[in-house]
Amino acid sequence: MLPPPLSSDHQVPFDDRGLAYGDGLFETVLLRAGVPVLWRYHVERLAKGCQCLGIPLPCQSALNATWQGKPSAELEVLKLILTRGSGGRGYAQPEPVTPRLLSRRAPFQPSVQRWQQGVTVRLCNLRLSRQPRLAGVKHLNRLENVLARQEWSDATIAEGVLTDSEGLVVEATSMNIFWQQAREVFTPRLDQCGVAGTLRAGLIDKGAVAQASLPLDQFPDVERLWVANSVQGVWPVTTLLAADGSLLKRWSVNEPDPIQRLAHQLLGYA
Numbered sequence: 002m003l004p005p006p007l008s009s010d011h012q013v014p015f016d017d018r019g020l021a022y023g024d025g026l027f028e029t030v031l032l033r034a035g036v037p038v039l040w041r042y043h044v045e046r047l048a049k050g051c052q053c054l055g056i057p058l059p060c061q062s063a064l065n066a067t068w069q070g071k072p073s074a075e076l077e078v079l080k081l082i083l084t085r086g087s088g089g090r091g092y093a094q095p096e097p098v099t100p101r102l103l104s105r106r107a108p109f110q111p112s113v114q115r116w117q118q119g120v121t122v123r124l125c126n127l128r129l130s131r132q133p134r135l136a137g138v139k140h141l142n143r144l145e146n147v148l149a150r151q152e153w154s155d156a157t158i159a160e161g162v163l164t165d166s167e168g169l170v171v172e173a174t175s176m177n178i179f180w181q182q183a184r185e186v187f188t189p190r191l192d193q194c195g196v197a198g199t200l201r202a203g204l205i206d207k208g209a210v211a212q213a214s215l216p217l218d219q220f221p222d223v224e225r226l227w228v229a230n231s232v233q234g235v236w237p238v239t240t241l242l243a244a245d246g247s248l249l250k251r252w253s254v255n256e257p258d259p260i261q262r263l264a265h266q267l268l269g270y271a
C-alpha cells in the first residue's frame, strides 16, 4: 500500500531515489474549477512510465486524492511526482519497493497574448540522446532539457527546439512540436526519445495530427509551426532563430487556426 500523498510542506527524505537518481516520474496537469483536464491521458502516461521503470502504479483513489478538494482558483496546475521511494543499495532497487507520491497545486493563468500573436523560438545546440526504452516517458531525469534551457536568457524567445543525435526534430524544451506541410499537420515520432505530451495524444486520437520524421535541414521549410502542451495550450510560431540568433524563417499568424481551436477545446480554453 502506498503512503498518503505528501504536501509541498513535507521534506523529501535524503535517501529518496527520485532525489538521488531521478528514479521516478512526474505529471503536470491543468485543473479547471478543481477538475483535471485530459486526466485519462495523464493517468495512462503515468501507467506507461511505471511499467517502463518497474514502479508500482498508485491506486486510482490515491491519484484522485491529489486533486480532490476545494480549488484555490478557476485555473490551477497540479504537479504530481512519483518516486521509487527510499532504500536500496546503490542503483539496486529496494525490496520491497514502496513508492512515494507527492503533489502540489498552484493557481495558473495562460499567456493569451502568445496564443494570439505567436512566439519566437530558437534551435538549441544540445542534442537529445536516443534511448528507445525511455522514449515518450516523462521521467524525472530531465538534465538535457535543463541544459538546453540554459542556452538563452532573452525573454522574447519563448522556447528552444531540440533535435536528437541523428538530426531529427524531437520537441521543444517543455512543449511538443507540430507543423503543417501540404495542408496536413504532423508531430515528430517519439520512438527514440522525447516526452509524449497528453495534448499531443488527444490531438492524435482525434485524427487531427499524424506522426512523422522531420530532419533539421527541412525544418525551416514547413508551412506552419506550433509548440504546445496541456497547460499552456498552443502557441503559433512566428519566428525561428538559429542557435547563434540569426533568422531562419518567419511565418504569419493565420486565421483560422484549426489545430489551436481543437486543442483549446480539449483544454477548455475555447
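Per this note's numbering, the very first residue in the sequence shown carries number 2; after that it's consecutive.
Glycine residues also receive a C-beta, built at the ideal position from the N, C-alpha and C atoms.
Neighbour-count burial assignment, residue i, 16 or more Cβ in a 10 Å radius
i: Gln110; result: exposed
i: Pro257; result: exposed
i: Pro259; result: exposed
i: Pro5; result: Residue placement at Pro5 is flagged as unreliable, the pLDDT there being 49, under the threshold of 50; the coordinate-derived value follows with that caveat. Exposed: under 16 other Cβ atoms inside 10 Å.
i: Arg251; result: exposed
i: Tyr92; result: exposed
i: Lys71; result: exposed
i: Ser62; result: exposed
i: Leu32; result: buried
i: Gln69; result: exposed
i: Leu248; result: exposed
i: Asp245; result: exposed
i: Asp17; result: buried
i: Val147; result: exposed
i: Gln12; result: exposed
i: Gln233; result: buried
i: Met2; result: Note on Met2: pLDDT 45, under 50, position unreliable in the model; the coordinate value appears next. Per the 10 Å Cβ criterion, exposed.
Segment limits, alpha helix (DSSP H) that includes residue i
i: Arg41; result: 40–54
i: Arg18; result: 18–22
i: Glu145; result: 144–150
i: Leu58; result: Premise fails: Leu58 is in no alpha helix (DSSP H) and is neither H nor E.
i: Leu268; result: 259–268
Cβ pair residue i, residue j closer than 8 Å
i: Val78; j: Leu268; result: no
i: Pro189; j: Glu172; result: yes
i: Cys194; j: Asp165; result: yes
i: Glu145; j: Leu127; result: yes
i: Val235; j: Val210; result: no
i: Gly89; j: Pro97; result: no
i: Pro59; j: Leu102; result: yes
i: Gly35; j: Leu141; result: no
i: Ala149; j: Gly137; result: no
i: Arg115; j: Ala159; result: yes
i: Arg41; j: Lys139; result: no
i: Gly208; j: Ser231; result: no
Limits of the unbroken beta strand (DSSP E) element including residue i
i: Ala159; result: 158–165
i: Leu76; result: 76–84
i: Thr99; result: Looking at the DSSP string, Thr99 is not in any beta strand (DSSP E), and its letter there is neither H nor E.
i: Gly25; result: 25–33
i: Leu141; result: Segment: none, Leu141 is in no beta strand (DSSP E) and carries neither H nor E.
i: Lys250; result: 248–251
- prompt: Contact between the segment 203–210 and the segment 259–266: three or more CB pairs below 8 Å?
  reply: A contact exists between the segment 203–210 and the segment 259–266.
message: Across the segment 52–59 and the segment 20–30, are there enough close Cβ pairs to call them in contact, namely three or more that are closer than 8 Å?
response: yes
message: Give the list of continuous beta strand (DSSP E) stretches no shorter than 3 residues that lie fully inside the segment 107–135.
response: Residue ranges of uninterrupted beta strand (DSSP E) with 3 or more members, entirely inside the segment 107–135 and ordered along the chain, are 120–129.
query: At a cut of 8 Å, does the segment 35–53 reach the segment 114–121 through at least three beta carbon pairs?
result: no
query: Is there contact between the segment 175–189 and the segment 227–240, where contact requires at least three CB pairs shorter than 8 Å?
result: The segment 175–189 is in contact with the segment 227–240.
message: Which complete alpha helix (DSSP H) runs does the segment 169–239 hold, if anything under 4 residues is left out?
response: 199–206
query: Pairing CB atoms from the segment 131–140 with CB atoms from the segment 83–103, are three or more of them under 8 Å?
result: no
message: Assess contact between the segment 241–251 and the segment 207–226, defined as three or more Cβ pairs (one per stretch) separated by less than 8 Å. Is contact present?
response: yes
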